[in-house]
Amino acid sequence: MMDEDRDAIAAEYVLGTLDADERAQAEALVLFEPAFAEAVGRWERRLGELNVLVTAVEPPAAVWERIKAQLPNVPPSEAIRLPAIEPPKPPAPETNVAGAEVIDLTQRMRRWRGLTVMTGTLAACLVALVLAQEFRPGLLPPTWRPTPQVVERVVEKPVEVVKEVVREVPSARAAQFVAVFQKSEQSPAFLLSVDTDKRTVTVRQVAADQLADKSYELWIATQPGAAPKSLGIISKEDFTVRATLASYDPLVINNATYGISLEPLGGSPTGAPTGPVIHARLVQVTPPQAP
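Residue numbers (this note's numbering): 263 to 553.
Below, the structure is given as structure tokens:
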């Protein structure tokens with residue numbers, strides 16, 4: 263079957279102009295030939311718009327009552343059987359080639375004639391719809407009538423915008439304090455710096471010995487003779503930052519004595535320094551910066 267024949271049969275199948283045998287063959291083709299089923303789908307989408315041109319009509323209630331009354335007398339339908347597909351026929355003898363071509367052309371002309379009539383009808387309906395919308399919209403259903411467009415002009419008045427500019431005034435910076443824990447006269451073991459605003463302490467390892475089975479622990483003594491309190495273990499990293507001064511007043515932080523002791527791995531087991539301790543006090547290294 264040629265492509266134009268398949269397309270024409272699909273159109274006639276959708277229109278419902280095929281006879282019973284041709285329609286049965288078309289339904290079989292829909293099931294077994296994807297190309298033919300796709301052609302039927304295209305024609306259904308094209309011709310589906312014709313339904314819009316017909317206003318829905320609700321049947322009378324009496325008709326539906328008569329249908330329901332006759333339903334018990336309708337015998338059950340038989341099992342659905344797919345129509346048999348005839349095998350392709352062998353080519354006709356050469357003596358009948360001319361006659362076969364005439365019959366084939368006649369069938370094509372009939373199909374194309376039906377397709378032409380259908381296309382012309384569709385075009386005429388569309389033209390009539392456009393003309394009715396333009397010149398006689400009252401003849402159309404209310405849902406098909408064109409909606410008049412209303413143009414509204416909005417005059418915007420200038421609005422005075424008041425902008426509030428907020429400038430951030432820098433505050434004074436506190437001075438920086440550093441304590442040096444000497445290992446020897448030539449090099450320090452640790453450097454300690456304190457941020458009195460954030461109440462944090464930072465320890466920098468400089469020349470302290472790294473022992474695998476020992477830990478360094480940081481201590482603070484708020485006044486002479488007071489028992490030292492632990493500020494935490496100093497890590498093996500170059501810098502150790504501890505936020506452990508939140509409960510101390512800045513004046514106490516600046517005047518306290520700090521110590522670093524060598525403890526067993528993990529820290530002092532008694533809560534007090536148990537190994538050698540080196541002490542240092544904070545020294546102001548920068549003046550306060552005014553804004």
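From the three backbone atoms N, C-alpha and C, an ideal C-beta is built for every residue, glycine too. Computed from a prediction, not measured in an experiment: that's the story for all the values here.
How many angstroms separate the CA atom of residue i from the CA atom of residue j?
i	j	result
Leu-277	Pro-399	29 Å
Ala-469	Glu-479	16 Å
Pro-538	Glu-525	8 Å
Pro-206	Pro-512	Residue numbering for the chain in the displayed model covers 263 to 553; residue 206 lies beyond these limits and cannot be assessed.
Trp-374	Leu-293	24 Å
Thr-381	Ala-301	16 Å
Asp-500	Leu-527	18 Å
Thr-378	Arg-372	10 Å
Leu-280	Pro-337	27 Å
Val-392	Glu-320	27 Å
Ala-505	Ala-518	16 Å
Ser-523	Pro-549	31 Å
Arg-543	Asp-457	14 Å
Ala-272	Glu-266	10 Å
Pro-553	Ala-474	Residue confidence for Pro-553 is low, a pLDDT of 47 falling below 50, so the modelled location carries little weight; the figure read from the coordinates is stated next. Whole-angstrom Cα-Cα distance: 47 Å.
Lys-460	Lys-498	23 Å
Asp-471	Val-547	26 Å
Pro-296	Leu-309	20 Å
Leu-384	Val-325	31 Å
Ala-508	Leu-493	11 Å
Ser-455	Ala-488	22 Å
Ala-323	Pro-334	19 Å
Ile-496	Gln-438	21 Å
Ala-282	Arg-307	23 Å
Gln-467	Ala-483	21 Å
Asn-516	Gln-444	19 Å
Glu-396	Ala-270	34 Å
Leu-388	Thr-405	16 Å
Ala-286	Lys-330	29 Å
With which residues is residue i paired in a DSSP beta bridge?
i	result
Gln-467	Phe-452
Pro-526	Lys-476
Arg-373	None, per the DSSP bridge assignment.
Lys-491	Ile-482
Tyr-520	Ile-482 and Ala-542
Ala-259	As shown, the chain starts at 263 and ends at 553. That puts residue 259 outside it, with no answer to give.
Thr-502	Val-465
Ile-496	Tyr-478
For residue i, count neighbouring Cβ atoms within 10 angstroms of its own Cβ and tell me buried if that reaches 16, exposed if not.
i	result
Glu-284	exposed
Ser-332	Strictly speaking, residue 332 in this sequence is Gln, with Ser absent from that position. Exposed.
Thr-502	buried
Arg-304	exposed
Val-465	buried
Pro-450	buried
Glu-274	buried
Pro-490	buried
Trp-481	buried
Ala-288	buried
Gln-485	exposed
Leu-291	buried
Assuming the contact rule is C-beta atoms closer than 8 Å, residue i and residue j should be a hit. Round their C-beta distance to whole Å, please.
i	j	result
Ser-477	Gly-529	6 Å
Phe-298	Arg-328	Phe-298 to Arg-328, Cβ: 39 Å. No contact.
Val-463	Leu-453	Contact flag wrong, Cβ pair sits at about 11 Å.
Val-514	Val-440	The pair is not a contact, with the Cβ atoms about 17 Å apart (cut-off 8 Å).
Ala-520	His-541	For the record, residue 520 in the displayed sequence is Tyr; it is not Ala. With a Cβ gap of about 7 Å, Tyr-520 and His-541 count as contacting.
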